Ligand code: SF4
């Protein structure tokens, strides 16, 4: 039997055996340990925090790696290319790990599990628990049940709307950072972008109640969290499904449609919150009141991730994006006119089915005109289960697409360097994220415009410190500088499992 919680060579006493504790023949208890391996986006990372929080709430402890763990959880993503190959490869490797000790458990959660369902067990019968995107809150229970009843696959077709425990932030959470927290405001997506698998695996859009979000932010701020990252698939349509909800305003009960702009203002006004960010907005739903809320709420950062995807109207229509290139640029100009010193980043897909040279030229034109601070350019690759994956007769020649991608990168990189150079000589406020990985003698921070700065500092600064830095140099992906002064020391406690109100 594995003894994983020996303290100073002695077993750690446990007054009562929690659900995940093994009782040995020597009458001492051994706490089981877990690791969570996360693939994909911030939503998945936050789901993983939640799984970790649930397991720790149930008495498990984190392990450094698989060798020390009794449970390995894969929180999967099906957006990235080859996600399934990577998952099944990892599961194959773990089979020997499980064979060494049959009480070990393997869990597959997330989008790929939601999409593949029974296929996971067909391809890897040694997996103990398969759960989807709508029942992450059941992770600890299912793991425990599988210990006695054998392998379990539990995939729900949709979220239970009146169960707000379905929001990642509404359950015990093991936060990965101390000064910054993700807060889920919405799950699912009602759009039908032709290349995207999210609506199929995350379900319809459900907004989290306004007051619950603000209460959670207050609770986080009271523990010293100073940066709030609001998460959703299409945040600026937040609240549409809550249109008949009521909430208190002072002494009165008012029936309102909470909107994203109001949420930004409310979160930004919580004492102790210095920065508010959000991800991701949809250009078709970007409203003037959101831009005004960004401009008028001091804590909301001057950064807008504004996914273009294509500059061609016919490709945008084939993608079902719901805007034209002109409307995109007009709204972008409005955003820049409304929000002082706004940084804009974007996503662009090259080689969507049917993209012609003229379509690509239109994308290049918008990329030049938009002057993005940085951009994620992707070569289209079909995702099984999406409309675009069916457009096989329109797939573009990979060689042509590769050349287009390189041409686009030249434009995007040139603009990014230009934007970064324009900041040389300025004093920027950064929040300290740690030491530079490449140059450990330098400190790394992030500006309000979401730019990384590697800077020299005569003193070691704690994670979460706010400091002013003079920008002395610029490159494509980062700025360089030197410390001017410290603006605010961090007040957060060390890592805690946090359960929101
Ligand atoms: S808005 Fe489009 S790209 Fe974003 S999650 Fe919804 S369907 Fe996918």
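Residue numbers (our numbering): 25 to 525. Beta carbons: idealized from backbone N, C-alpha and C, even for Gly. Fair warning: this is a prediction, and the values are worked out from it, not measured in the lab.
Taking the alpha helix (DSSP H) that residue i belongs to, which residues open and close that run?
{"i": "residue 108", "result": "107-124"}
{"i": "residue 313", "result": "312-320"}
{"i": "residue 178", "result": "Where residue 178 is concerned, there is no enclosing alpha helix (DSSP H), although the beta strand (DSSP E) it sits in stretches over 176-178."}
{"i": "residue 361", "result": "349-362"}
{"i": "residue 296", "result": "Per DSSP, residue 296 belongs to no alpha helix (DSSP H) and is neither H nor E."}
{"i": "residue 436", "result": "422-445"}
{"i": "residue 19", "result": "This structure leaves residue 19 out entirely; the chain is present only between 25 and 525."}
{"i": "residue 389", "result": "381-394"}
Just the C-alpha distance for residue i and residue j, rounded to the nearest angstrom, thanks.
{"i": "residue 308", "j": "residue 89", "result": "43 Å"}
{"i": "residue 514", "j": "residue 369", "result": "28 Å"}
{"i": "residue 111", "j": "residue 363", "result": "42 Å"}
{"i": "residue 526", "j": "residue 63", "result": "For the chain, the structure presents residues 25 to 525; residue 526 sits outside this window and is missing."}
{"i": "residue 342", "j": "residue 415", "result": "10 Å"}
{"i": "residue 169", "j": "residue 106", "result": "31 Å"}
{"i": "residue 141", "j": "residue 212", "result": "18 Å"}
{"i": "residue 172", "j": "residue 122", "result": "16 Å"}
{"i": "residue 374", "j": "residue 402", "result": "6 Å"}
{"i": "residue 48", "j": "residue 468", "result": "Only weak support is given to the placement of residue 48: the predicted model assigns it a pLDDT of 41, under 50, and the value that follows is read from those uncertain coordinates. Distance between the alpha carbons of residue 48 and residue 468: 47 Å."}
{"i": "residue 118", "j": "residue 456", "result": "37 Å"}
{"i": "residue 435", "j": "residue 175", "result": "51 Å"}
{"i": "residue 153", "j": "residue 166", "result": "7 Å"}
{"i": "residue 326", "j": "residue 299", "result": "10 Å"}
{"i": "residue 126", "j": "residue 491", "result": "51 Å"}
{"i": "residue 511", "j": "residue 489", "result": "8 Å"}
{"i": "residue 388", "j": "residue 329", "result": "18 Å"}
{"i": "residue 85", "j": "residue 56", "result": "6 Å"}
{"i": "residue 450", "j": "residue 482", "result": "20 Å"}
{"i": "residue 323", "j": "residue 295", "result": "10 Å"}
{"i": "residue 290", "j": "residue 380", "result": "45 Å"}
{"i": "residue 124", "j": "residue 74", "result": "29 Å"}
{"i": "residue 476", "j": "residue 146", "result": "44 Å"}
{"i": "residue 257", "j": "residue 245", "result": "24 Å"}
{"i": "residue 412", "j": "residue 440", "result": "30 Å"}
{"i": "residue 61", "j": "residue 164", "result": "16 Å"}
{"i": "residue 32", "j": "residue 83", "result": "The predicted model places residue 32 with a pLDDT of 32, which falls under 50 and marks its position as unreliable; any figure quoted below should be read in that light. Going by the C-alpha atoms only, they are around 20 Å apart."}
{"i": "residue 67", "j": "residue 255", "result": "7 Å"}
Of the residues the options, which one's Cα is nearest the Cα of residue i?
{"i": "residue 367", "options": "418, 238 and 446", "result": "446"}
{"i": "residue 487", "options": "140, 238, 502 and 458", "result": "458"}
{"i": "residue 354", "options": "310, 254 and 329", "result": "310"}
{"i": "residue 350", "options": "320, 381 and 391", "result": "391"}
{"i": "residue 437", "options": "410, 405, 502 and 417", "result": "502"}
{"i": "residue 499", "options": "511, 406, 478 and 512", "result": "478"}
{"i": "residue 204", "options": "301, 83, 76 and 82", "result": "301"}
{"i": "residue 180", "options": "245, 228 and 214", "result": "228"}
{"i": "residue 453", "options": "404, 466 and 509", "result": "509"}
{"i": "residue 286", "options": "219, 257 and 261", "result": "261"}
{"i": "residue 77", "options": "428, 161 and 136", "result": "161"}
{"i": "residue 182", "options": "206, 208, 155 and 238", "result": "155"}
{"i": "residue 473", "options": "481, 365 and 371", "result": "365"}
{"i": "residue 372", "options": "471, 219, 495 and 130", "result": "219"}
{"i": "residue 418", "options": "406, 429 and 428", "result": "406"}
{"i": "residue 460", "options": "494, 440, 448 and 505", "result": "505"}
{"i": "residue 264", "options": "216, 223 and 209", "result": "209"}
{"i": "residue 150", "options": "507, 96, 136 and 157", "result": "96"}
{"i": "residue 384", "options": "332, 410 and 347", "result": "332"}
Tell me, which residues are paired with residue i by DSSP?
{"i": "residue 371", "result": "400"}
{"i": "residue 206", "result": "253"}
{"i": "residue 503", "result": "477 and 498"}
{"i": "residue 453", "result": "492"}
{"i": "residue 328", "result": "368"}
{"i": "residue 69", "result": "Partner(s): none; residue 69 has no beta bridge."}
{"i": "residue 509", "result": "492"}
{"i": "residue 459", "result": "467"}
{"i": "residue 133", "result": "99"}
{"i": "residue 78", "result": "DSSP, once it has assigned bridges, lists no residue as partnering residue 78."}
{"i": "residue 333", "result": "372"}
{"i": "residue 154", "result": "132 and 177"}
{"i": "residue 514", "result": "Answer is none; residue 514 lacks a bridge partner."}
{"i": "residue 231", "result": "210"}
{"i": "residue 86", "result": "58"}
If you follow the beta strand (DSSP E) that residue i is in, where does it begin and where does it stop?
{"i": "residue 95", "result": "95-100"}
{"i": "residue 59", "result": "57-62"}
{"i": "residue 303", "result": "299-303"}
{"i": "residue 470", "result": "467-471"}
Closer than 6 Å: is that where the CB of residue i sits relative to any heavy atom of the ligand ZN?
{"i": "residue 217", "result": "Absence of the ligand ZN from the depicted structure is noted, with the ligand SF4 being the only ligands included."}
| query | Is the number of C-beta pairs between the stretch 413-427 and the stretch 391-398 that are closer than 8 Å three or more? | reply | no
| task | Count the C-beta pairs between the stretch 357-364 and the stretch 229-239 that are closer than 8 Å, then say yes if the count reaches three, no if not. | result | no
| message | Taking 8 Å as the cut-off, does the stretch 329-347 touch the stretch 246-257 (at least 3 CB pairs, one atom from each stretch)? | response | no
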